[in-house]
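Student: Before I ask anything, let me first share the structure, which is written out below as structure tokens.
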Amino acid sequence: MTHRFPIKEIALQAGLSTATVDRALNARAHVSAQTRRRIADALAELEAQESQLDARGRRLFVDVVIEAPERFTRMIRAVTAHVLPTLGPAVLRPRYSMRDVMDEAETLAILDRIARRGSRGVLVKLRDSSPIRDALAGLGARGIPVVAIFTDIAAPARLAFAGPENARAGDTAAWLVARMLHGTGAVLVSQCQPSFLGEEARRRAFLNGLAR
35 MTHRFPIKEI ALQAGLSTAT VDRALNARAH VSAQTRRRIA DALAELEAQE
85 SQLDARGRRL FVDVVIEAPE RFTRMIRAVT AHVLPTLGPA VLRPRYSMRD
135 VMDEAETLAI LDRIARRGSR GVLVKLRDSS PIRDALAGLG ARGIPVVAIF
185 TDIAAPARLA FAGPENARAG DTAAWLVARM LHGTGAVLVS QCQPSFLGEE
235 ARRRAFLNGL AR
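According to our numbering, the sequence shown is numbered sequentially starting from 35.
Here's what the structure looks like:
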């Protein structure tokens, strides 16, 4: 891997030791494919945040853990890169863990790494399951605040929710569809994953709204 960043910066961004990063960059043995991918992701993130690297102020690393399609995560990266330079006096450095599909085992492994290396905060868009809630609560117990974005996680696993009022969105959609039907008709409801609380809240509110 070619790079122009100090190994220490790459290690901080990837959440790995400098020795591991050095082995990977110099194509030495005993570096897993997953670790190489994390370093490649870290290099891409550093390129996007390059204006932040020389900024003065206290550096605060925050983690962003999201299961969503690439078109969605690409927009998150773009908006974050636009907003970060306007924040101060601290310098926020996001570390991304974003996948199209992230099963429970992979999610728990990511959250465990964050717990072990530490973070100033974690933003999550994840499925709501008992093991994931427990892992998020564990982060909170370590003093790492967790904020759910776009789709909620049942409290008290997270400190706060920042996102749309999903139930109201579903109810509004039902109101609009009911007026478009002009009577009876078939309605198809598409849902990606019922364990995303936001999607389930929209679905329930939509069906309840149509039934009224």
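All C-beta atoms, glycine included, are put in the ideal place defined by N, C-alpha and C.
1. Flag this pair as touching only if the region 239-246 and the region 200-207 have three or more C-beta atom pairs under 8 Å; answer yes or no.
2. May I have the straight-line CA-CA distance separating A74 from R93, to the nearest angstrom?
3. Smallest Cα separation from L223: which of A124, E234, R70, R38?
4. Any idea if M214 is buried or exposed, counting beta-carbon neighbours within 10 angstroms, 16 or more meaning buried?
5. So the alpha helix (DSSP H) S164 belongs to, where does it begin and stop?
6. What is the DSSP secondary structure of V99, counted as helix, strand or coil?
7. For A112, verify whether its CB is less than 7 Å away from any heavy atom of the ligand SAM.
8. Kindly indicate which residue of R161, V180, G243, P128 has the alpha-carbon position closest to the one of G49.
9. Measuring straight from C-alpha to C-alpha, what distance separates D97 and I41?
10. At 3 residues or longer, and completely inside the region 111-158: list those beta strand (DSSP E) runs for me, N to C.
11. Using the Cβ count rule (16 or more neighbours within 10 Å means buried), how would you classify R72?
12. Determine the extent of the alpha helix (DSSP H) in which V55 is found, giving its start and end residues.
13. Measuring alpha carbon to alpha carbon, tell me which residue in S153, V125, G122, S163 is nearest L142.
Tutor: Quick answer:
1. The region 239-246 is in contact with the region 200-207.
2. In a straight line, the C-alpha of A74 is about 21 Å away from that of R93.
3. The sequence shown places Val at residue 223, rather than the Leu named in the question. Sorting A124, E234, R70, R38 by C-alpha distance to the C-alpha of V223 places E234 at the top.
4. With fewer than 16 Cβ atoms within 10 Å of its Cβ, M214 is classed as exposed.
5. Unbroken alpha helix (DSSP H) run through S164: 164-175.
6. In the displayed model, V99 falls within a strand according to three-state DSSP.
7. With respect to small molecules bound, the structure shown includes none, and the ligand SAM cannot be examined in it.
8. It is P128 whose Cα lies nearest to the Cα of G49.
9. I41 has its alpha-carbon roughly 20 Å from the corresponding atom of D97.
10. Within the region 111-158, the runs of beta strand (DSSP E) that reach at least 3 residues and sit entirely inside it are, in chain order, 125-133.
11. In summary, R72 is buried, with 16 or more beta-carbon neighbours lying within 10 Å of its beta-carbon over all protein chains present.
12. Residues 52-59.
13. The residue with the shortest Cα to Cα distance from L142 is S163.
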